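As structure tokens, the structure follows; a few thoughts come after it.
2 protein chains.
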Amino acid sequence: MTSTTRGRPRSFDREAALEQALRLFWERGYEATSVADLTAAMGIRPPSLYAAFGDKRTLFAEVVARYQETYGIQTTRAFAEEPTARAGVERMLREAAAVLTDPAHPWGCLLVGSTVNCTSPDVVQAVREQREANLRDLESRIRADVAAGLEPAGTDPAALAQFIATVLQGMTLRARDGASRAELEQVAAVAMRAWP
Amino acid sequence: MTSTTRGRPRSFDREAALEQALRLFWERGYEATSVADLTAAMGIRPPSLYAAFGDKRTLFAEVVARYQETYGIQTTRAFAEEPTARAGVERMLREAAAVLTDPAHPWGCLLVGSTVNCTSPDVVQAVREQREANLRDLESRIRADVAAGLEPAGTDPAALAQFIATVLQGMTLRARDGASRAELEQVAAVAMRAWP
DNA sequence: CGGCTTCTGTAGCGCTCGATATAAAATCTG
DNA sequence: CAGATTTTATATCGAGCGCTACAGAAGCCG
């Protein structure tokens, strides 16, 4: 059986190469990033890429997973560490303003950028479902707080969640247009005024 | 001199062909729409396209101009026909909810969709500048109302304009994700609660 | 060492991209 | 009609796309 490492060992750092692919996809989107671009940035040749990561689409799926773990808006964490939905959302928006404009990496959101005008329906569908799941999660958090009496009785959890999601996605586009962290923080502050 | 129409006359309706190109660009974005797709939808062959519209980029520029005249959010008109910036914004958001989800044409905004992940820097730059101009216009309208005493003195026109722009751009993404007109109208209503 | 396995670089596959050379077809002018 | 002019359809062009066949290189095991 093949339990130990046999054959010629890999001559590059898989993690580092994946990170380079992430940066490139983040900056240019899925379609606009060619395999030649990827191999150049990763410092490897096409056969190594295909042997280590499968095809371009599979590599992108792995990039998306890594992005969500590393750079994505940590919805669940924000809610877990804050006492109320309102505080969680406020923190989420403020963190988004910071991370979306962080000069250490490309602006905006990899998921949003890669699914707008993407001709791979399954890629679009997967990311879209992730967004819908986040939306439903957000809505249920708000609904729970309304049921617990932490929010006014007339509050509409669905509308509020849709609004927050809209502001968040809008912030990713503003960031890509070059909006500053301070500007997005102002946007977040104004958005919170809409909270009941 | 060549004052009259000489030579073989064009055998297709230029306006109709342009509209077909608009729909296709709207649905798929600039990059994802190939010349072959365009010629198929327009019912013409490549040489006719290049003779009538220049190259792909020039055709897209004409499509953008047509879009702004025909389908774009009529910022200036909304403000011209409404007495205050607040009323203009409210109308703009409500109209956006309707037009972004109109089943008669592709969802979302051609300009937003075509500039995210577009590898033609000049195309991106042109559309981006249009957005920035709209943003500055919106801000000056709000500032004028504040100066006229129609809005509270503490109102921050820049922050408010950034917020409205963020919500609008977010709505285009929500529309592309399949959000309904009713949902976007709720989002617009919630957003207006943030108005001072 | 020699066999086995896996990775690496070269080189190029078939395909689609945006854009065109070419010549026939269709109209106006004289 | 003949000549000039413009559009048309066919048939590509060179370049870049995602991807891979192939053979040599580099590590294991006996």
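Protein sequences, first through last, are from chains A and B. All residue numbers for the first sequence refer to my numbering, where the first residue is 1 and numbers rise by one. All residue numbers for the second sequence refer to my numbering, where the first residue is 1001 and numbers rise by one. The beta-carbon is built from N, C-alpha and C at its ideal position, and this holds for glycine as well. Computed from a predicted structure; not experimentally measured.
Interface criterion met: the Cβ of B:D1177 is under 8 Å from a Cβ in chain A. Spatial neighbours of A:L38 in its own chain (CB-CB distance under 7 Å, excluding positions within 5 residues in sequence) are listed in chain order as A21, L24, L49. At a Cβ-Cβ threshold of 8 Å, B:P1152 and B:I1142 do not count as neighbours. The C-alpha of A:F12 is placed about 39 Å away from the C-alpha of B:R1128.
Within its own chain, the residues whose Cβ lies closer than 6 Å to the Cβ of B:G1029, once the five positions on either side in sequence are excluded, are G1113, S1114, listed in chain order.
In chain order, V1187, V1190, A1191 make up the part of chain B whose C-beta sits under 7 Å from the C-beta of A:F163. Chain-order list of chain B residues neighbouring A:V167: T1166, V1167, G1170, by C-beta distance under 7 Å.
CA-CA distance, B:V1190 to A:L160, rounds to 7 Å. Classified as exposed, A:P9 has fewer than 16 neighbouring CB atoms from the shown chains inside 10 Å of its CB. Counting of Cβ neighbours within 10 angstroms places A:R57 among the exposed residues, the total staying below 16. Counting every other CB atom within 10 Å of its CB across the protein chains shown gives A:E139 a total of 16 or more, marking it as buried.
Sequence-distant partners of A:R66 (beyond 5 residues in either direction) whose C-beta falls short of 7 Å from its own C-beta, in its chain, are L18, L22.
Counting only the Cα atoms, A:F53 lies some 49 Å from B:E1090.
Residue environment for A:R176: buried (at least 16 other C-beta atoms within 10 angstroms of its C-beta).
Taken in chain order, the whole alpha helix (DSSP H) runs of length 4 or more contained in the region 62-113 of chain A are 75-81, 85-100. Of the residues assessed, B:R1077 falls on the exposed side of the cut-off, its CB having fewer than 16 other CB atoms within 10 angstroms. The three-state secondary structure of B:E1151, taken from DSSP, is coil.
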